[in-house]
Amino acid sequence: MFFLVEGEAYASKVLNPGEEAKVVKNYTAGDYFGELALLRNEPRAANVIAGTECQCVQMDRHSFKRMLGPLNEILKRNIDLYTQYSGLNN
């Protein structure tokens with residue numbers, strides 16, 4: 079999981095096989111990404127690419143579970159919002 083401290087980035091994903099990746103979400107300082115892969119215990123669903131010079135803080139799976147475990151159910155409830163609005167359904 080990553081927390082964007084400075085800069086801007088975007089998530090891109092191939093929505094239809096054979097087509098180019100499309101931007102599905104933009105990130106600015108204060109946003110986070112990568113939690114879906116940890117919550118679902120699956121590979122990441124999209125590529126996150128720096129749009130400007132960025133500074134991020136990274137959290138591994140063990141730290142995620144230890145520090146955010148109590149928030150696990152709240153984060154899982156938000157998964158539907160990701161799939162509904164950003165095309166990140168895989």
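Heads up: the sequence shown is residues 79 to 168, going by the working numbering. We put the CB at the ideal spot given by N, CA and C, even for glycine. For clarity, every value in this text was computed on a predicted model and none was experimentally measured.
Chain-order list of residues whose beta-carbon lies under 6 Å from that of residue i (same chain, five-residue window excluded)
i: VAL126; result: ALA87, ALA89 and PHE111
i: PHE142; result: MET79 and LEU116
i: ALA128; result: ALA87
Counted within 10 angstroms of its Cβ, other Cβ atoms place residue i as buried (16 or more) or exposed
i: ALA124; result: buried
i: MET79; result: buried
i: GLU97; result: exposed
i: GLU113; result: buried
When the options are compared against residue i, the one with the closest alpha-carbon
i: GLY85; options: THR106, ASP138 and LYS91; result: THR106
i: ASP109; options: VAL83, ALA99, PHE142 and SER141; result: VAL83
i: HIS140; options: LYS91, ALA99, LEU117 and ALA128; result: LEU117
i: GLN136; options: THR130, GLY129 and MET145; result: MET145
Span separating the alpha-carbon of residue i from that of residue j
i: ALA115; j: LYS91; result: 14 Å
i: ASN104; j: THR130; result: 12 Å
Contact check, residue i vs residue j, beta carbons under 8 Å
i: CYS132; j: PHE81; result: no
Sequence-distant residues of the same chain with beta carbon closer than 7 Å to residue i, five excluded per side
i: PRO121; result: ALA115
Chain D within 8 Å of residue i, Cβ atoms only
i: VAL135; result: Annotation note: the requested chain D is absent from the structure, which comprises a single protein chain.
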